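*Asks:*
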Amino acid sequence: MGWSPSAKYTSTDGAKLYYGNKTASELIKDGVTELYPVYIDRTSIVSYLDDNVAHINMDKTDQQTVPGSTINPQLDTDPSDHVIPLYFDETKNSYDISLESSFEMNKVLAHWLYTGNGSTIMTNTQSDQGSSAKQAKYTQVDLNVIIPEGVDVPEEIPLTFSGYYFQPYMALDTVSRDKFEIKEVTGAEKWNITELVSNTDPSTTFTVKNPNKSRNITIRTILRTNGAYGGKKIANVSARTIQDEQMRLIDSTPLSVSKAKALELLKSQESLTITGLIDGYVKLPTTSLWGLSIDLSQKIPAVNAQTPVSLSLSSIPVTFNKNSKNLGDASDQNLGTSRVAYKGSLKDDSLNTGTKPSATVEGDTIADAPASFTASGLTYKFKEWNTKADGTGETFTENTIVTEPLTVYAIYTADAPVMNEAPQLTVSDKTITQGDELDLKSLIVSATDKEDGDLKDAVQITDEGGFNKNVVGKYTVSFKVTDSKGASTTKQATVTVVAKQTPQPPTPDNPTPDNPTPDKPTPGTNKPLPNQAKTMGAKTTLPATGDNTTAGLSVALLSLALVGVAGVLHYKKNLTK
Numbered sequence: 001m002g003w004s005p006s007a008k009y010t011s012t013d014g015a016k017l018y019y020g021n022k023t024a025s026e027l028i029k030d031g032v033t034e035l036y037p038v039y040i041d042r043t044s045i046v047s048y049l050d051d052n053v054a055h056i057n058m059d060k061t062d063q064q065t066v067p068g069s070t071i072n073p074q075l076d077t078d079p080s081d082h083v084i085p086l087y088f089d090e091t092k093n094s095y096d097i098s099l100e101s102s103f104e105m106n107k108v109l110a111h112w113l114y115t116g117n118g119s120t121i122m123t124n125t126q127s128d129q130g131s132s133a134k135q136a137k138y139t140q141v142d143l144n145v146i147i148p149e150g151v152d153v154p155e156e157i158p159l160t161f162s163g164y165y166f167q168p169y170m171a172l173d174t175v176s177r178d179k180f181e182i183k184e185v186t187g188a189e190k191w192n193i194t195e196l197v198s199n200t201d202p203s204t205t206f207t208v209k210n211p212n213k214s215r216n217i218t219i220r221t222i223l224r225t226n227g228a229y230g231g232k233k234i235a236n237v238s239a240r241t242i243q244d245e246q247m248r249l250i251d252s253t254p255l256s257v258s259k260a261k262a263l264e265l266l267k268s269q270e271s272l273t274i275t276g277l278i279d280g281y282v283k284l285p286t287t288s289l290w291g292l293s294i295d296l297s298q299k300i301p302a303v304n305a306q307t308p309v310s311l312s313l314s315s316i317p318v319t320f321n322k323n324s325k326n327l328g329d330a331s332d333q334n335l336g337t338s339r340v341a342y343k344g345s346l347k348d349d350s351l352n353t354g355t356k357p358s359a360t361v362e363g364d365t366i367a368d369a370p371a372s373f374t375a376s377g378l379t380y381k382f383k384e385w386n387t388k389a390d391g392t393g394e395t396f397t398e399n400t401i402v403t404e405p406l407t408v409y410a411i412y413t414a415d416a417p418v419m420n421e422a423p424q425l426t427v428s429d430k431t432i433t434q435g436d437e438l439d440l441k442s443l444i445v446s447a448t449d450k451e452d453g454d455l456k457d458a459v460q461i462t463d464e465g466g467f468n469k470n471v472v473g474k475y476t477v478s479f480k481v482t483d484s485k486g487a488s489t490t491k492q493a494t495v496t497v498v499a500k501q502t503p504q505p506p507t508p509d510n511p512t513p514d515n516p517t518p519d520k521p522t523p524g525t526n527k528p529l530p531n532q533a534k535t536m537g538a539k540t541t542l543p544a545t546g547d548n549t550t551a552g553l554s555v556a557l558l559s560l561a562l563v564g565v566a567g568v569l570h571y572k573k574n575l576t577k
């Protein structure tokens, strides 16, 4: 195959190989002073077929794989493993996926295929020319790409294949084996990419027409070394280039995932995986061994891509904190978490179903404002949500655009305690006569409260003061009224019981006539007045000792005098009281 500074090139990692066209000056420049020939036995070539590696986006980072999309940095622990947790972006209608598959062969096999070994390796045979069958009787490497449901497949797929010892031959449906038409091909065989291949440039660009939007696409490649069957070898390629080369299939236009499909993936917590595999067939000549004809042709074992692309969608959590513990409130501080789309708001994003968050339920809208509470004599009322617990951050509302995980805190205003005014109570004093009835509650004039209104019916007598309507004296009666918040007022009223007045005998209209006449005799007698002399000097006769008229009058006058004195004394006594 060539020459190497290592005597054991095939088994030494990193060993160099030089083809026979290398000049001595180039070897000296590389510091090579000694070379060993490198041989390979055609019968042992199959032992190198298992030492191949396939990749998807091997040299691409996760961000390069999903250009224009935002990756969730909290979930993307390895930026090159192609397990990509994307944010569901409210502003995007689709998510692009840039793909590139590569195939790295064992270095011995790569050199052997490039050098060609004359005509011993056939790129095709007359009978199988143009066949899309698996393991058709020509050397082939198939790059098989599997596009999952959920990824939009275009009707035209522009691709670029790059390889120094393989070239693209056809594109076909992996399952049906139907060949696709190539847009740029002008010849009769619209599937045959050979006319687009250059013998100076390892890259070939072509467009696969995929009207049925097949999700299983195979790009079949053949060797460049056999020109008799369409091979276009690139001359004078260094052994180092061949050794380090990876065949590449590049999707020039990214595939995409629609917004609707992305939302579906987010809700179902499923992922999309784009993968592929490499397989093929090596056509070797028939050889003789111990007189027997043996076909050494072998299939290339399927090699699955080591780095498939897996996409998932995630939303952004917004956690609501009651933020009242430092104010003296001992209730649960966790008010729940809601999920919101990247660059979306809790009010208008695609995730909003109206579900309120709680400590046990994940929501998708803004949390209810915490109820007011009282602590240390102050009443705290909810003011706003804020991105900082001390209220110095940004105000958060249901219209706030979210681009990163947030914890928002309830901010409060403190109201001075409301002073509960005591109720107003008015009572009146009362004077009654001994023995009169009195309802002590009739002494209540009014009872009102600023908060509770009329409380007259709620007034209670707390002390009757020993009140007895039948006993003359003064009594102090205590009243109390209490409002709904416990404030109370007490008032006293005085009840005076006065003695009942003694009844007086009736006074005659004219107890003694001034001039008794025969028609009106002196009271107490039925005798008319005796005829008396009417002369001026006549001597008046005094009544006899036993005469009742004079005596009765005297008694009556004395009684009236005594009653009058008694009345005066009783009146003075009452005044002194």
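Counting from 1, position 177 in the sequence shown corresponds to residue 177 in the UniProt record's numbering; the numbering is continuous, with no gaps. Heads up, the beta-carbon is just placed ideally off N, CA and C, and yes, glycines get one too. Every value quoted in this text rests on a predicted model; they were computed, and no experiment measured them.
Taking L406 as part of the beta strand (DSSP E), name the residues at either end of that continuous run.
*Replies:* The count along the sequence shown starts at 1 and reaches residue 406 at position 406. Residues 406 to 415.
*Asks:* Note down the Cα distance separating I182 from S297, rounded to an integer number of angstroms.
*Replies:* Counted from its first residue, the sequence shown places residue 182 at position 182. Counted from its first residue, the sequence shown places residue 297 at position 297. One C-alpha to the other measures close to 30 Å.
*Asks:* In angstroms with no decimal places, state the Cα-to-Cα distance between K60 and S80.
*Replies:* Here residue 60 refers to the residue found at position 60 when the sequence shown is read from its first residue. Here residue 80 refers to the residue found at position 80 when the sequence shown is read from its first residue. If you take the alpha carbons of K60 and S80, they lie about 7 Å apart.
*Asks:* Are the CB atoms of G280 and D178 nearer to each other than 9 Å?
*Replies:* Here the question's residue 280 lines up with position 280 in the sequence shown. Here the question's residue 178 lines up with position 178 in the sequence shown. It is not a contact, given that the beta carbons lie outside the stated cut-off.
*Asks:* Determine the contact status of F166 and T221, defining contact as a CB-CB distance below 9 Å.
*Replies:* Start at 1 with the first residue of the sequence shown, and residue 166 comes out as number 166. Start at 1 with the first residue of the sequence shown, and residue 221 comes out as number 221. Contact: yes.
*Asks:* Within the chosen definition, does the segment 398 to 415 reach the segment 464 to 476 through at least 3 CB pairs nearer than 8 Å?
*Replies:* Taking 8 Å as the limit for Cβ pairs, the verdict is that the segment 464 to 476 does not touch the segment 398 to 415.
*Asks:* Skipping 5 residues on each side, what residues in its chain have a beta carbon closer than 6 Å to that of E104?
*Replies:* Walking along the sequence shown from the start, residue 104 turns up at place 104. Here the set comprises V53, Q246.
*Asks:* Exposed or buried, which one is Q140 when buried takes at least 16 other CB atoms within 10 Å?
*Replies:* Within the sequence shown, residue 140 is the residue found at index 140, counting from 1. Buried.
*Asks:* Is it right to say T33 is buried, meaning 16 or more other beta carbons lie within 10 angstroms of its own, or is it exposed?
*Replies:* As a first step, residue 33 is located in the sequence shown; it is residue number 33 there, counting from the start. Under this definition T33 is an exposed residue.
*Asks:* Considering only residues of the segment 427 to 456, which uninterrupted beta strand (DSSP E) runs meet the minimum length of 3 residues and lie entirely inside it, listed in chain order?
*Replies:* Runs found: 430 to 433, 444 to 449.
*Asks:* Going by CA-CA distance only, name the one from L99, L113, T70 that's closest to K92.
*Replies:* For the purposes of this step, residue 92 is identified with residue 92 of the sequence shown, where counting begins at 1. When only C-alpha atoms are compared, the closest one is T70.
*Asks:* When the Cα of D329 is compared with those of L378, D449, P317, T365, which residue comes out closest?
*Replies:* As a first step, residue 329 must be located in the sequence shown, where it is residue number 329. D329 has its Cα closest to that of L378, out of L378, D449, P317, T365.
*Asks:* For I28, count neighbouring C-beta atoms within 10 Å of its own C-beta (all shown protein chains included) and say buried if the count is 16 or more, exposed if not.
*Replies:* Mapped onto the sequence shown, residue 28 falls at position 28. I28 should be labelled exposed.
*Asks:* Using 10 angstroms around the beta-carbon of L266, count the other beta-carbons present and answer buried if the total reaches 16, otherwise exposed.
*Replies:* Position 266 of the sequence shown, counting from 1, holds the residue named residue 266. L266 should be labelled buried.
*Asks:* When the distance is taken between beta carbons, is V402 closer than 9 Å to I45?
*Replies:* Here residue 45 corresponds to residue number 45 of the sequence shown, with the count starting at 1. Here residue 402 corresponds to residue number 402 of the sequence shown, with the count starting at 1. In this structure, V402 does not lie closer than 9 Å to I45 by Cβ.
*Asks:* To the nearest angstrom, how far is the alpha carbon of A239 from that of H111?
*Replies:* Residue 239 sits at position 239 when you count from the first residue of the sequence shown. Residue 111 sits at position 111 when you count from the first residue of the sequence shown. Those two C-alpha atoms are separated by around 7 Å.
*Asks:* With DSSP as the reference, label residue 579 as helix, strand or coil.
*Replies:* Residue 579 is absent from the structure shown; the chain starts at 1 and stops at 577.
*Asks:* Using the three-state DSSP reduction, which class does K137 fall into: helix, strand or coil?
*Replies:* Position 137 of the sequence shown holds residue 137. If DSSP states are grouped into helix, strand and coil, K137 belongs with coil.
*Asks:* Can S94 and P67 be called in contact, C-beta distance under 9 Å?
*Replies:* Residue 94 sits at position 94 when you count from the first residue of the sequence shown. Residue 67 sits at position 67 when you count from the first residue of the sequence shown. Going by C-beta atoms, S94 is not nearer than 9 Å to P67.
*Asks:* Using the Cβ count rule (16 or more neighbours within 10 Å means buried), how would you classify K388?
*Replies:* Taking the first residue of the sequence shown as position 1, residue 388 is located at position 388. With fewer than 16 Cβ atoms within 10 Å of its Cβ, K388 is classed as exposed.
*Asks:* Is it true that the CB of M1 sits closer than 9 Å to the CB of Y39?
*Replies:* Locating residue 39 in the sequence shown gives position 39, where the first residue counts as 1. Locating residue 1 in the sequence shown gives position 1, where the first residue counts as 1. Yes. Within cutoff.
*Asks:* Near T545, which residues of its chain fall below 6 Å by C-beta distance, leaving aside the five closest residues on each side in sequence?
*Replies:* Your numbering for residue 545 matches position 545 in the sequence shown. Here T545 scores only 40 on pLDDT, less than 50, and its place in the model is too uncertain to base an answer on.
*Asks:* Can A171 and I147 be called in contact, C-beta distance under 9 Å?
*Replies:* The residue you call residue 171 lines up with position 171 of the sequence shown. The residue you call residue 147 lines up with position 147 of the sequence shown. Going by C-beta atoms, A171 is not nearer than 9 Å to I147.
*Asks:* Cα-Cα, which of T218, A493, N216 is closest to D429?
*Replies:* In the sequence shown, the residue the question calls residue 429 occupies position 429. Of the candidates T218, A493, N216, the one whose C-alpha sits nearest the C-alpha of D429 is A493.
*Asks:* Check whether the segment 333 to 350 touches the segment 364 to 374, counting contact only when three or more Cβ pairs, one atom from each stretch, lie closer than 8 Å.
*Replies:* At 8 Å Cβ cutoff, the stretches touch.
*Asks:* Exposed or buried, which one is V175 when buried takes at least 16 other CB atoms within 10 Å?
*Replies:* By one-based count along the sequence shown, residue 175 stands at place 175. Flag for V175 reads exposed.
*Asks:* Got a sec: is the Cβ-Cβ distance from T476 to anything in chain D below 9 Å?
*Replies:* Going by chain labels, chain D is absent from the structure shown, which holds only one protein chain.
*Asks:* Go ahead and label K500 buried or exposed: buried means 16 or more other beta carbons lie within 10 angstroms of its beta carbon, across all protein chains shown.
*Replies:* In the sequence shown, residue 500 corresponds to position 500, counting from 1. Result: exposed.
*Asks:* Which full runs of the beta strand (DSSP E) of 3+ residues lie inside the segment 51 to 136, going along the chain?
*Replies:* Segments of the beta strand (DSSP E) lying fully in the segment 51 to 136: 53 to 56, 83 to 87, 94 to 97, 100 to 104.
*Asks:* I need the straight-line Cα distance from D452 to D483, nearest angstrom please.
*Replies:* Translated into positions along the sequence shown, residue 452 becomes position 452. Translated into positions along the sequence shown, residue 483 becomes position 483. Cα to Cα, the separation comes out at about 7 Å.
*Asks:* Looking at the secondary structure, which residues open and close the alpha helix (DSSP H) in which D251 lies?
*Replies:* Residue numbering aside, residue 251 sits at position 251 when the sequence shown is read from its first letter. Unbroken run through D251 is the beta strand (DSSP E), 247 to 251; no alpha helix (DSSP H).
*Asks:* Please state whether the Cβ-Cβ distance between V145 and I234 is less than 9 Å.
*Replies:* Here the question's residue 145 lines up with position 145 in the sequence shown. Here the question's residue 234 lines up with position 234 in the sequence shown. No; because the gap between Cβ atoms is not below 9 Å, this pair is not in contact.
*Asks:* First and last residue of the alpha helix (DSSP H) that includes Q243?
*Replies:* For the purposes of this step, residue 243 is identified with residue 243 of the sequence shown, where counting begins at 1. Run containing Q243: 239 to 244, per the alpha helix (DSSP H) assignment.
*Asks:* Taking 9 Å as the cut-off, decide whether the C-beta atoms of T205 and T160 are in contact.
*Replies:* On the sequence shown, position 205 is the one that residue 205 refers to. On the sequence shown, position 160 is the one that residue 160 refers to. Yes, the Cβ-Cβ distance between T205 and T160 is below 9 Å.
*Asks:* Under the assumption that D251 contacts E155 (Cβ atoms under 8 Å), give the Cβ distance between them as a whole number of angstroms.
*Replies:* On the sequence shown, position 251 is the one that residue 251 refers to. On the sequence shown, position 155 is the one that residue 155 refers to. That belief does not hold up - the Cβ atoms of D251 and E155 are roughly 14 Å apart, past 8 Å.
*Asks:* According to the Cβ coordinates, are S372 and L335 closer than 9 Å?
*Replies:* Working through the sequence shown from its first residue, we reach residue 372 at position 372. Working through the sequence shown from its first residue, we reach residue 335 at position 335. No.
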